[in-house]
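Going by this note's numbering, 334 is the number at position 331 of the sequence shown; the sequence numbering is gapless.
From the three backbone atoms N, C-alpha and C, an ideal C-beta is built for every residue, glycine too.
Read through the structure below, which is laid out as C-alpha coordinates, and then see the notes.
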Amino acid sequence: MTPSETVIFLGPSLGLDAARALLDADYRPPVSQGDVYRAVQQGARVVGLIDGFFERVPAVWHKEILWALSRGVHVFGASSMGALRAAELAAFGMRGIGRVFEDFRDGVLEDDDEVTIVHGPAELGYPAASEAMVNIRATLARACDEDVLDPPGCEALLCEVKRLYYPLRSFPRMLEAASRLIPEDRVRALALWLPRGRIDRKRDDAVALLTHVRAFLEEAPAPFQAAFHFEHTDAWEQAVRRIGHLQAAAVRDDLPPEALIDELRLDHGAYARAMTGALARALALREAARAGTPVARDVFRDVLNGFFLQRGLATPAEIGAWLARQEIDADGLTAFIARQVQVGQADVLFRQETLAQLPDVLRAAGSYGDLARRARRKRQWLDGITAPSIAMTGLSEQELLSWHFVDRRAEAVPDDLDRHSAMLGLPNRFAFLTLLVEDYLFERDGEGQCRPVPRTA
(Lines of atoms letter the chains of each structure in order from A and count residues from 1; the text may use other names and numbers.)
(Lines give C-alpha, C1' and ligand atoms only; values in the text may rest on other atoms or scores of the structure.)
Protein backbone atom coordinates (compact mmCIF):
# COMPACT_ATOMS: atom_id res chain seq x y z
CA MET A 1 0.00 0.00 0.00
CA THR A 2 1.45 3.37 -1.03
CA PRO A 3 1.51 6.43 1.29
CA SER A 4 -1.03 8.18 -0.95
CA GLU A 5 -3.55 5.44 -0.17
CA THR A 6 -3.48 6.37 3.53
CA VAL A 7 -5.25 9.66 4.20
CA ILE A 8 -4.99 11.35 7.60
CA PHE A 9 -7.11 14.38 8.52
CA LEU A 10 -5.01 16.39 10.95
CA GLY A 11 -5.09 19.89 12.44
CA PRO A 12 -4.13 21.35 15.83
CA SER A 13 -3.81 18.06 17.74
CA LEU A 14 -0.33 17.32 16.39
CA GLY A 15 2.21 19.19 14.30
CA LEU A 16 2.57 18.06 10.71
CA ASP A 17 6.33 17.45 10.95
CA ALA A 18 5.88 15.28 14.04
CA ALA A 19 3.10 13.36 12.29
CA ARG A 20 5.17 12.70 9.18
CA ALA A 21 8.01 11.42 11.33
CA LEU A 22 5.61 8.75 12.64
CA LEU A 23 3.74 7.83 9.47
CA ASP A 24 4.27 8.48 5.76
CA ALA A 25 0.80 9.36 4.51
CA ASP A 26 -1.35 11.89 2.65
CA TYR A 27 -2.04 14.52 5.32
CA ARG A 28 -5.05 16.75 4.81
CA PRO A 29 -6.66 19.57 6.83
CA PRO A 30 -9.28 18.87 9.52
CA VAL A 31 -12.09 16.80 8.09
CA SER A 32 -15.43 18.28 7.08
CA GLN A 33 -18.51 16.94 5.37
CA GLY A 34 -17.70 15.21 2.10
CA ASP A 35 -13.95 14.91 2.70
CA VAL A 36 -14.01 11.18 3.50
CA TYR A 37 -16.13 10.49 0.42
CA ARG A 38 -13.70 12.45 -1.76
CA ALA A 39 -10.66 10.71 -0.24
CA VAL A 40 -12.11 7.27 -0.99
CA GLN A 41 -13.06 8.32 -4.52
CA GLN A 42 -9.44 9.40 -4.98
CA GLY A 43 -8.15 5.96 -3.96
CA ALA A 44 -7.76 6.00 -0.17
CA ARG A 45 -7.73 2.52 1.36
CA VAL A 46 -7.04 3.62 4.95
CA VAL A 47 -8.48 6.79 6.49
CA GLY A 48 -7.51 8.28 9.84
CA LEU A 49 -9.70 10.96 11.39
CA ILE A 50 -8.03 13.08 14.06
CA ASP A 51 -9.20 16.68 13.78
CA GLY A 52 -12.36 17.98 12.17
CA PHE A 53 -14.49 21.06 11.86
CA PHE A 54 -17.57 21.32 14.03
CA GLU A 55 -19.29 24.54 13.02
CA ARG A 56 -17.82 26.67 10.25
CA VAL A 57 -18.58 23.96 7.71
CA PRO A 58 -20.83 20.92 8.09
CA ALA A 59 -19.09 18.21 10.12
CA VAL A 60 -18.11 14.90 8.57
CA TRP A 61 -21.28 12.87 8.60
CA HIS A 62 -21.74 9.31 9.72
CA LYS A 63 -23.14 8.15 6.39
CA GLU A 64 -19.97 8.84 4.42
CA ILE A 65 -17.90 6.93 6.98
CA LEU A 66 -20.31 3.99 6.73
CA TRP A 67 -20.07 4.21 2.94
CA ALA A 68 -16.26 4.12 3.17
CA LEU A 69 -16.41 1.05 5.41
CA SER A 70 -18.82 -0.62 2.97
CA ARG A 71 -16.27 -0.03 0.20
CA GLY A 72 -13.58 -1.96 2.12
CA VAL A 73 -11.79 1.09 3.53
CA HIS A 74 -10.32 0.85 7.03
CA VAL A 75 -11.32 3.92 9.07
CA PHE A 76 -9.62 4.91 12.32
CA GLY A 77 -10.43 7.76 14.70
CA ALA A 78 -8.79 9.40 17.70
CA SER A 79 -8.16 12.56 19.70
CA SER A 80 -10.87 14.97 18.57
CA MET A 81 -13.57 14.65 15.91
CA GLY A 82 -12.09 11.27 15.09
CA ALA A 83 -12.67 10.05 18.64
CA LEU A 84 -16.29 11.25 18.58
CA ARG A 85 -17.13 9.53 15.30
CA ALA A 86 -15.28 6.35 16.29
CA ALA A 87 -17.28 6.12 19.52
CA GLU A 88 -20.52 6.55 17.57
CA LEU A 89 -19.63 4.07 14.81
CA ALA A 90 -17.58 1.45 16.66
CA ALA A 91 -20.39 -1.08 16.24
CA PHE A 92 -20.07 -0.76 12.45
CA GLY A 93 -16.32 -1.27 12.31
CA MET A 94 -14.75 2.15 12.70
CA ARG A 95 -11.80 1.67 15.04
CA GLY A 96 -11.09 4.15 17.81
CA ILE A 97 -7.69 4.68 19.36
CA GLY A 98 -6.74 6.32 22.64
CA ARG A 99 -8.19 7.52 25.91
CA VAL A 100 -10.47 10.22 24.48
CA PHE A 101 -12.18 7.64 22.26
CA GLU A 102 -12.54 5.22 25.17
CA ASP A 103 -14.08 7.86 27.42
CA PHE A 104 -16.66 8.83 24.79
CA ARG A 105 -17.39 5.21 23.96
CA ASP A 106 -17.90 4.32 27.64
CA GLY A 107 -20.03 7.37 28.41
CA VAL A 108 -17.45 8.99 30.68
CA LEU A 109 -17.53 11.99 28.35
CA GLU A 110 -20.55 13.21 26.39
CA ASP A 111 -20.06 16.84 25.33
CA ASP A 112 -18.42 17.79 22.04
CA ASP A 113 -16.83 20.80 23.74
CA GLU A 114 -14.52 18.43 25.63
CA VAL A 115 -12.32 18.36 22.53
CA THR A 116 -13.22 21.67 20.87
CA ILE A 117 -10.66 24.48 20.85
CA VAL A 118 -9.98 27.77 19.10
CA HIS A 119 -6.93 27.65 16.86
CA GLY A 120 -5.07 29.75 14.37
CA PRO A 121 -5.06 29.27 10.58
CA ALA A 122 -3.57 26.37 8.66
CA GLU A 123 -0.68 28.42 7.27
CA LEU A 124 0.58 28.94 10.82
CA GLY A 125 0.24 25.27 11.73
CA TYR A 126 -3.11 25.57 13.53
CA PRO A 127 -1.66 27.14 16.72
CA ALA A 128 -4.04 26.47 19.61
CA ALA A 129 -5.38 29.56 21.34
CA SER A 130 -7.34 27.68 23.99
CA GLU A 131 -6.96 24.39 25.85
CA ALA A 132 -9.09 21.30 25.28
CA MET A 133 -11.14 20.25 28.28
CA VAL A 134 -9.86 16.68 27.94
CA ASN A 135 -6.31 17.98 28.40
CA ILE A 136 -7.30 19.95 31.48
CA ARG A 137 -9.11 16.93 32.94
CA ALA A 138 -6.12 14.68 32.42
CA THR A 139 -3.73 17.25 33.86
CA LEU A 140 -5.82 17.83 36.98
CA ALA A 141 -6.23 14.08 37.51
CA ARG A 142 -2.46 13.72 37.41
CA ALA A 143 -2.06 16.65 39.81
CA CYS A 144 -4.39 14.91 42.22
CA ASP A 145 -2.56 11.57 41.85
CA GLU A 146 0.75 13.31 42.62
CA ASP A 147 -0.76 15.14 45.61
CA VAL A 148 -0.29 18.56 44.04
CA LEU A 149 -4.03 19.01 44.57
CA ASP A 150 -6.48 17.28 46.85
CA PRO A 151 -9.68 15.75 45.38
CA PRO A 152 -11.98 18.62 46.45
CA GLY A 153 -9.63 21.18 44.91
CA CYS A 154 -9.38 19.19 41.69
CA GLU A 155 -13.16 18.91 41.44
CA ALA A 156 -13.64 22.62 42.12
CA LEU A 157 -11.23 23.57 39.34
CA LEU A 158 -12.79 21.09 36.91
CA CYS A 159 -16.24 22.56 37.50
CA GLU A 160 -14.96 26.12 37.16
CA VAL A 161 -13.11 25.51 33.88
CA LYS A 162 -15.97 23.44 32.46
CA ARG A 163 -18.31 26.40 33.01
CA LEU A 164 -16.11 28.59 30.82
CA TYR A 165 -17.00 29.02 27.17
CA TYR A 166 -14.49 26.77 25.42
CA PRO A 167 -12.51 29.53 23.61
CA LEU A 168 -11.65 30.93 27.06
CA ARG A 169 -10.31 27.71 28.56
CA SER A 170 -6.59 27.75 29.27
CA PHE A 171 -4.15 26.82 32.01
CA PRO A 172 -3.48 30.49 32.88
CA ARG A 173 -7.24 31.01 33.26
CA MET A 174 -7.37 27.85 35.39
CA LEU A 175 -4.67 29.24 37.68
CA GLU A 176 -6.63 32.48 38.03
CA ALA A 177 -9.62 30.44 39.15
CA ALA A 178 -7.42 28.44 41.51
CA SER A 179 -6.45 31.61 43.39
CA ARG A 180 -10.13 32.01 44.32
CA LEU A 181 -11.01 28.38 44.97
CA ILE A 182 -8.13 26.57 46.66
CA PRO A 183 -5.56 27.39 49.37
CA GLU A 184 -2.66 29.65 48.39
CA ASP A 185 -0.01 26.99 49.01
CA ARG A 186 -1.82 24.62 46.64
CA VAL A 187 -2.02 27.35 44.00
CA ARG A 188 1.74 27.94 44.19
CA ALA A 189 2.43 24.22 44.03
CA LEU A 190 0.17 23.82 41.01
CA ALA A 191 1.78 26.75 39.17
CA LEU A 192 5.27 25.30 39.73
CA TRP A 193 4.16 21.79 38.76
CA LEU A 194 2.21 22.64 35.59
CA PRO A 195 5.12 23.14 33.15
CA ARG A 196 6.29 19.56 33.67
CA GLY A 197 2.99 17.99 34.72
CA ARG A 198 0.70 19.17 31.92
CA ILE A 199 -0.82 16.39 29.83
CA ASP A 200 -1.72 16.91 26.17
CA ARG A 201 -4.23 14.09 25.83
CA LYS A 202 -5.24 15.03 22.30
CA ARG A 203 -1.65 14.98 21.11
CA ASP A 204 -0.96 11.68 22.85
CA ASP A 205 -3.97 10.07 21.19
CA ALA A 206 -3.04 11.47 17.78
CA VAL A 207 0.42 9.93 18.18
CA ALA A 208 -1.18 6.64 19.24
CA LEU A 209 -3.37 6.57 16.12
CA LEU A 210 -0.46 7.19 13.76
CA THR A 211 1.68 4.59 15.52
CA HIS A 212 -1.18 2.08 15.35
CA VAL A 213 -1.85 2.72 11.66
CA ARG A 214 1.85 2.34 10.83
CA ALA A 215 1.93 -1.08 12.51
CA PHE A 216 -1.37 -1.99 10.86
CA LEU A 217 -0.03 -1.17 7.40
CA GLU A 218 3.07 -3.29 7.98
CA GLU A 219 0.74 -6.30 8.12
CA ALA A 220 -0.45 -5.67 4.52
CA PRO A 221 -4.12 -5.79 5.52
CA ALA A 222 -6.86 -7.07 3.26
CA PRO A 223 -9.83 -4.77 2.54
CA PHE A 224 -12.21 -4.19 5.42
CA GLN A 225 -15.19 -6.56 5.49
CA ALA A 226 -18.31 -4.69 6.54
CA ALA A 227 -20.90 -6.67 8.50
CA PHE A 228 -23.75 -4.39 7.39
CA HIS A 229 -25.51 -3.48 4.18
CA PHE A 230 -25.13 0.13 3.07
CA GLU A 231 -28.41 1.70 2.00
CA HIS A 232 -28.20 4.03 -1.00
CA THR A 233 -31.02 6.29 0.08
CA ASP A 234 -32.30 9.30 -1.85
CA ALA A 235 -30.80 11.55 0.83
CA TRP A 236 -27.40 9.93 0.32
CA GLU A 237 -27.53 10.32 -3.45
CA GLN A 238 -28.50 13.99 -3.10
CA ALA A 239 -25.65 14.50 -0.64
CA VAL A 240 -23.18 12.93 -3.05
CA ARG A 241 -24.31 15.31 -5.79
CA ARG A 242 -23.77 18.25 -3.44
CA ILE A 243 -20.29 17.23 -2.36
CA GLY A 244 -18.61 19.01 -5.25
CA HIS A 245 -20.09 22.29 -4.02
CA LEU A 246 -19.59 21.91 -0.27
CA GLN A 247 -16.40 23.91 0.05
CA ALA A 248 -17.84 26.88 -1.81
CA ALA A 249 -21.03 26.68 0.24
CA ALA A 250 -19.02 26.63 3.46
CA VAL A 251 -17.60 30.08 2.87
CA ARG A 252 -20.64 31.48 1.06
CA ASP A 253 -22.92 33.91 2.84
CA ASP A 254 -26.57 33.65 1.81
CA LEU A 255 -26.78 37.42 2.24
CA PRO A 256 -25.41 39.12 -0.91
CA PRO A 257 -23.00 41.97 -0.09
CA GLU A 258 -25.11 44.48 -2.03
CA ALA A 259 -28.17 43.71 0.12
CA LEU A 260 -26.18 44.53 3.25
CA ILE A 261 -24.87 47.73 1.68
CA ASP A 262 -28.41 48.77 0.73
CA GLU A 263 -29.43 48.49 4.39
CA LEU A 264 -26.47 50.66 5.37
CA ARG A 265 -27.41 53.27 2.78
CA LEU A 266 -30.60 53.96 4.71
CA ASP A 267 -28.40 55.52 7.42
CA HIS A 268 -25.93 57.75 5.61
CA GLY A 269 -23.78 58.25 8.71
CA ALA A 270 -23.51 54.53 9.38
CA TYR A 271 -22.80 53.93 5.69
CA ALA A 272 -19.93 56.42 5.62
CA ARG A 273 -18.39 55.09 8.85
CA ALA A 274 -18.71 51.45 7.78
CA MET A 275 -17.26 51.98 4.32
CA THR A 276 -14.36 54.05 5.65
CA GLY A 277 -13.67 51.43 8.31
CA ALA A 278 -13.89 48.60 5.77
CA LEU A 279 -11.43 50.37 3.47
CA ALA A 280 -8.98 50.94 6.32
CA ARG A 281 -9.33 47.32 7.40
CA ALA A 282 -8.80 46.00 3.87
CA LEU A 283 -5.64 48.07 3.46
CA ALA A 284 -4.38 47.06 6.90
CA LEU A 285 -4.91 43.36 6.16
CA ARG A 286 -3.17 43.71 2.80
CA GLU A 287 -0.14 45.36 4.37
CA ALA A 288 -0.05 42.85 7.23
CA ALA A 289 -0.08 40.02 4.70
CA ARG A 290 2.70 41.72 2.76
CA ALA A 291 4.79 42.06 5.93
CA GLY A 292 4.27 38.37 6.63
CA THR A 293 4.49 38.66 10.42
CA PRO A 294 3.24 35.40 11.99
CA VAL A 295 0.35 35.41 14.45
CA ALA A 296 1.89 34.38 17.77
CA ARG A 297 -0.20 32.16 20.01
CA ASP A 298 0.04 34.41 23.07
CA VAL A 299 -0.88 37.48 21.01
CA PHE A 300 -3.84 35.62 19.52
CA ARG A 301 -5.09 34.67 22.99
CA ASP A 302 -4.63 38.22 24.32
CA VAL A 303 -6.55 39.71 21.42
CA LEU A 304 -9.31 37.11 21.79
CA ASN A 305 -9.75 37.78 25.51
CA GLY A 306 -9.40 41.53 25.08
CA PHE A 307 -11.98 41.61 22.31
CA PHE A 308 -14.67 40.19 24.58
CA LEU A 309 -13.63 42.18 27.65
CA GLN A 310 -13.72 45.45 25.70
CA ARG A 311 -17.33 44.70 24.86
CA GLY A 312 -18.29 43.78 28.40
CA LEU A 313 -18.72 40.10 27.53
CA ALA A 314 -17.50 38.06 30.48
CA THR A 315 -19.67 34.93 30.74
CA PRO A 316 -20.13 32.04 28.31
CA ALA A 317 -23.79 33.00 27.91
CA GLU A 318 -22.91 36.59 27.00
CA ILE A 319 -20.23 35.51 24.55
CA GLY A 320 -22.48 32.89 23.00
CA ALA A 321 -25.30 35.41 22.60
CA TRP A 322 -22.96 37.91 20.95
CA LEU A 323 -21.66 35.28 18.53
CA ALA A 324 -25.23 34.28 17.66
CA ARG A 325 -26.24 37.90 17.04
CA GLN A 326 -23.22 38.45 14.81
CA GLU A 327 -23.81 35.15 12.98
CA ILE A 328 -20.35 33.80 13.70
CA ASP A 329 -19.39 30.32 14.87
CA ALA A 330 -16.27 29.01 16.58
CA ASP A 331 -14.23 28.48 13.42
CA GLY A 332 -15.38 31.82 12.06
CA LEU A 333 -14.34 33.40 15.36
CA THR A 334 -10.84 31.97 14.97
CA ALA A 335 -10.48 33.52 11.52
CA PHE A 336 -11.98 36.82 12.71
CA ILE A 337 -9.58 37.14 15.65
CA ALA A 338 -6.63 36.24 13.40
CA ARG A 339 -7.63 39.18 11.20
CA GLN A 340 -7.95 41.40 14.28
CA VAL A 341 -4.36 40.48 15.17
CA GLN A 342 -3.22 41.34 11.64
CA VAL A 343 -4.98 44.71 11.74
CA GLY A 344 -3.17 45.41 15.01
CA GLN A 345 0.14 44.49 13.39
CA ALA A 346 -0.53 46.92 10.56
CA ASP A 347 -1.38 49.61 13.09
CA VAL A 348 2.08 49.22 14.62
CA LEU A 349 3.82 49.10 11.23
CA PHE A 350 2.14 52.26 9.95
CA ARG A 351 1.72 54.21 13.16
CA GLN A 352 3.56 57.30 11.93
CA GLU A 353 1.78 57.30 8.57
CA THR A 354 -1.55 56.97 10.39
CA LEU A 355 -0.79 59.92 12.66
CA ALA A 356 0.22 62.00 9.64
CA GLN A 357 -3.24 61.48 8.12
CA LEU A 358 -5.16 62.13 11.35
CA PRO A 359 -5.62 65.90 10.78
CA ASP A 360 -7.30 65.28 7.43
CA VAL A 361 -9.57 62.63 8.95
CA LEU A 362 -10.61 65.06 11.69
CA ARG A 363 -11.12 67.87 9.18
CA ALA A 364 -13.36 65.63 7.10
CA ALA A 365 -15.39 64.96 10.24
CA GLY A 366 -15.51 68.67 11.05
CA SER A 367 -13.84 68.27 14.44
CA TYR A 368 -10.22 69.24 13.84
CA GLY A 369 -10.53 72.94 14.69
CA ASP A 370 -12.15 72.49 18.11
CA LEU A 371 -9.78 69.69 19.10
CA ALA A 372 -6.68 71.56 17.91
CA ARG A 373 -7.59 74.80 19.69
CA ARG A 374 -8.32 73.01 22.97
CA ALA A 375 -5.10 71.01 22.70
CA ARG A 376 -3.09 74.23 22.23
CA ARG A 377 -4.74 75.97 25.19
CA LYS A 378 -4.15 72.97 27.44
CA ARG A 379 -0.54 72.59 26.33
CA GLN A 380 0.14 76.27 27.09
CA TRP A 381 -1.62 76.11 30.46
CA LEU A 382 0.25 72.96 31.52
CA ASP A 383 3.63 74.43 30.56
CA GLY A 384 5.74 74.43 33.69
CA ILE A 385 3.75 71.74 35.52
CA THR A 386 6.05 68.76 36.01
CA ALA A 387 5.11 65.29 37.21
CA PRO A 388 1.34 65.82 37.53
CA SER A 389 -0.11 63.46 40.12
CA ILE A 390 -3.56 62.45 41.31
CA ALA A 391 -2.83 64.16 44.63
CA MET A 392 -2.87 67.52 42.80
CA THR A 393 -6.56 67.01 41.95
CA GLY A 394 -7.72 66.44 45.53
CA LEU A 395 -9.50 63.28 44.33
CA SER A 396 -8.92 59.59 44.77
CA GLU A 397 -8.09 57.50 41.71
CA GLN A 398 -11.61 56.06 41.64
CA GLU A 399 -13.15 59.52 41.89
CA LEU A 400 -11.00 60.77 39.03
CA LEU A 401 -12.04 57.81 36.89
CA SER A 402 -15.68 58.35 37.81
CA TRP A 403 -15.40 62.03 36.85
CA HIS A 404 -14.09 61.13 33.41
CA PHE A 405 -16.17 58.08 32.53
CA VAL A 406 -19.42 58.47 34.47
CA ASP A 407 -19.87 62.24 34.76
CA ARG A 408 -18.47 63.33 31.40
CA ARG A 409 -19.02 60.32 29.14
CA ALA A 410 -21.95 58.55 30.82
CA GLU A 411 -20.01 55.28 30.66
CA ALA A 412 -19.02 52.68 33.20
CA VAL A 413 -15.44 52.75 34.48
CA PRO A 414 -13.52 49.97 32.65
CA ASP A 415 -12.83 46.87 34.72
CA ASP A 416 -9.35 46.53 33.22
CA LEU A 417 -7.71 49.95 33.00
CA ASP A 418 -4.46 48.56 31.61
CA ARG A 419 -6.32 46.98 28.70
CA HIS A 420 -8.30 50.18 28.15
CA SER A 421 -5.05 52.14 28.09
CA ALA A 422 -3.53 49.74 25.58
CA MET A 423 -6.55 50.28 23.32
CA LEU A 424 -5.68 53.98 23.31
CA GLY A 425 -2.07 53.33 22.34
CA LEU A 426 -0.71 54.05 25.82
CA PRO A 427 1.93 51.92 27.56
CA ASN A 428 0.02 51.42 30.82
CA ARG A 429 -2.71 52.67 33.14
CA PHE A 430 -0.43 55.27 34.71
CA ALA A 431 -0.01 57.06 31.39
CA PHE A 432 -3.79 57.20 31.04
CA LEU A 433 -4.23 58.47 34.61
CA THR A 434 -1.69 61.21 33.88
CA LEU A 435 -3.83 62.33 30.93
CA LEU A 436 -6.88 62.47 33.19
CA VAL A 437 -5.01 64.45 35.86
CA GLU A 438 -3.88 67.00 33.29
CA ASP A 439 -7.35 67.31 31.81
CA TYR A 440 -9.00 67.63 35.22
CA LEU A 441 -6.58 70.37 36.33
CA PHE A 442 -7.00 72.19 33.02
CA GLU A 443 -10.78 72.15 33.22
CA ARG A 444 -10.86 73.06 36.90
CA ASP A 445 -8.25 75.80 36.94
CA GLY A 446 -7.65 76.64 33.30
CA GLU A 447 -11.10 76.45 31.69
CA GLY A 448 -13.19 76.89 34.83
CA GLN A 449 -15.63 74.18 33.71
CA CYS A 450 -14.81 71.36 36.09
CA ARG A 451 -16.92 70.78 39.16
CA PRO A 452 -15.10 68.84 41.90
CA VAL A 453 -16.45 65.38 42.60
CA PRO A 454 -17.84 65.15 46.16
CA ARG A 455 -15.82 62.75 48.27
CA THR A 456 -17.59 59.86 49.95
CA ALA A 457 -16.78 58.14 53.19
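Query raised in the report: Alpha carbon to alpha carbon, how far is D116 from A277?
Result: In the sequence shown, residue 116 corresponds to position 113, counting from 1. In the sequence shown, residue 277 corresponds to position 274, counting from 1. Between D116 and A277, the C-alpha separation is close to 35 Å.
Requested in this report: Can you tell me the Cβ-Cβ gap for V34 and G55, rounded? I've got them flagged as a contact below 8 Å.
Outcome: Stepping through the sequence shown from its first residue, residue 34 is reached at position 31. Stepping through the sequence shown from its first residue, residue 55 is reached at position 52. Rounded, the Cβ-Cβ distance is 4 Å, consistent with contact.
Query raised in the report: What number of angstroms, rounded off, separates the C-alpha of H232 from the C-alpha of M177?
Result: Residue numbering aside, residue 232 sits at position 229 when the sequence shown is read from its first letter. Residue numbering aside, residue 177 sits at position 174 when the sequence shown is read from its first letter. Looking at the two C-alpha atoms, the distance is approximately 48 Å.
Report task. Tell me, please, whether the stretch 396 to 408 touches the stretch 435 to 443 by the rule of three or more beta-carbon pairs shorter than 8 Å. Result -> yes
**Report entry** Neighbour flag for L52 against chain D, beta carbons, 9 Å
**Finding:** Here chain D cannot be found, since the structure has a single protein chain.
**Report entry** Spatial neighbours of M395 in its chain, beta-carbon cut-off 7 Å, leaving aside the 5 residues before and after
**Finding:** To locate residue 395, count along the sequence shown from 1; it is residue 392. Contacts found: V440 and L444.
Report task. Kindly identify the DSSP beta-bridge partner or partners of G55. Result -> Your numbering for residue 55 matches position 52 in the sequence shown. DSSP lists V34 as partners of G55.
Query - Nearest-angstrom Cβ-Cβ length linking F303 and A132, presumed shorter than 8 Å - result: Locating residue 303 in the sequence shown gives position 300, where the first residue counts as 1. Locating residue 132 in the sequence shown gives position 129, where the first residue counts as 1. Going by Cβ atoms, the distance from F303 to A132 rounds to 5 Å, so yes, they are a contact pair.
Query raised in the report: Is it a yes or a no for the stretch 208 to 223 touching the stretch 20 to 34, going by three-plus beta-carbon pairs under 8 Å?
Result: yes
Query raised in the report: Skipping 5 residues on each side, what residues in its chain have a beta carbon closer than 7 Å to that of L336?
Result: Numbered from its first residue, the sequence shown carries residue 336 at position 333. Cβ neighbours of L336 beyond the five flanking positions: V121, P170 and L326.
Query raised in the report: So which of R376, L213, A47 and G37 has the shortest CA-CA distance to H65?
Result: To locate residue 65, count along the sequence shown from 1; it is residue 62. Selected option, being the one with the closest Cα: G37.
Query raised in the report: When you compare only the Cα positions, how much space is there between R201 and E234?
Result: As a first step, residue 201 must be located in the sequence shown, where it is residue number 198. As a first step, residue 234 must be located in the sequence shown, where it is residue number 231. Roughly 45 Å separates the two Cα atoms.
Query raised in the report: To which residues of the same chain is G51 closer than 6 Å at the C-beta, ignoring the five residues directly before and after it?
Result: Sequence index remark: in the sequence shown, residue 51 carries index 48 (1-based). Same-chain partners within the cutoff: I11, F79, L212 and V216.
Report task. Just list the alpha helix (DSSP H) runs in the stretch 131 to 216, keeping only unbroken ones of 4 residues or longer that don't cross its boundaries, in chain order. Result -> 136 to 148, 154 to 166, 174 to 184 and 187 to 200
Query raised in the report: How many angstroms separate the CA atom of N308 from the CA atom of D419?
Result: To locate residue 308, count along the sequence shown from 1; it is residue 305. To locate residue 419, count along the sequence shown from 1; it is residue 416. If you take the alpha carbons of N308 and D419, they lie about 12 Å apart.
Query raised in the report: By Cβ distance, which residues of its chain are closer than 8 Å to P417, with the 5 residues on each side in sequence left out?
Result: On the sequence shown, residue 417 is found 414 positions in, with the first residue counted as 1. Same-chain partners within the cutoff: F408 and H423.
Requested in this report: Check whether the Cβ atoms of A180 and L197 sit closer than 9 Å, and answer yes or no.
Outcome: As a position in the sequence shown, residue 180 is number 177, starting the count at 1. As a position in the sequence shown, residue 197 is number 194, starting the count at 1. No; because the gap between Cβ atoms is not below 9 Å, this pair is not in contact.
Query raised in the report: Is F303 helix, strand or coil by DSSP?
Result: Here residue 303 refers to the residue found at position 300 when the sequence shown is read from its first residue. F303 falls in the helix class under three-state DSSP.
Query raised in the report: Which of the three DSSP states, helix, strand or coil, is assigned to R98?
Result: Start at 1 with the first residue of the sequence shown, and residue 98 comes out as number 95. Residue state, collapsed to three classes: strand.
Requested in this report: Check whether the Cβ atoms of Y168 and P15 sit closer than 9 Å, and answer yes or no.
Outcome: Residue numbering aside, residue 168 sits at position 165 when the sequence shown is read from its first letter. Residue numbering aside, residue 15 sits at position 12 when the sequence shown is read from its first letter. Their beta carbons are not under 9 Å apart, which means Y168 does not touch P15 by this criterion.
Query raised in the report: Measuring CB to CB, does M84 end up less than 9 Å from D114?
Result: Residue numbering aside, residue 84 sits at position 81 when the sequence shown is read from its first letter. Residue numbering aside, residue 114 sits at position 111 when the sequence shown is read from its first letter. No, the Cβ-Cβ distance between M84 and D114 is not below 9 Å.
Query raised in the report: Got a sec? Which residues, its chain only, sit under 7 Å from A42 by beta carbon, not counting five neighbours each side?
Result: Within the sequence shown, residue 42 is the residue found at index 39, counting from 1. If we look at A42 and ignore the five residues flanking it on each side, its Cβ neighbours are V10 and V50.
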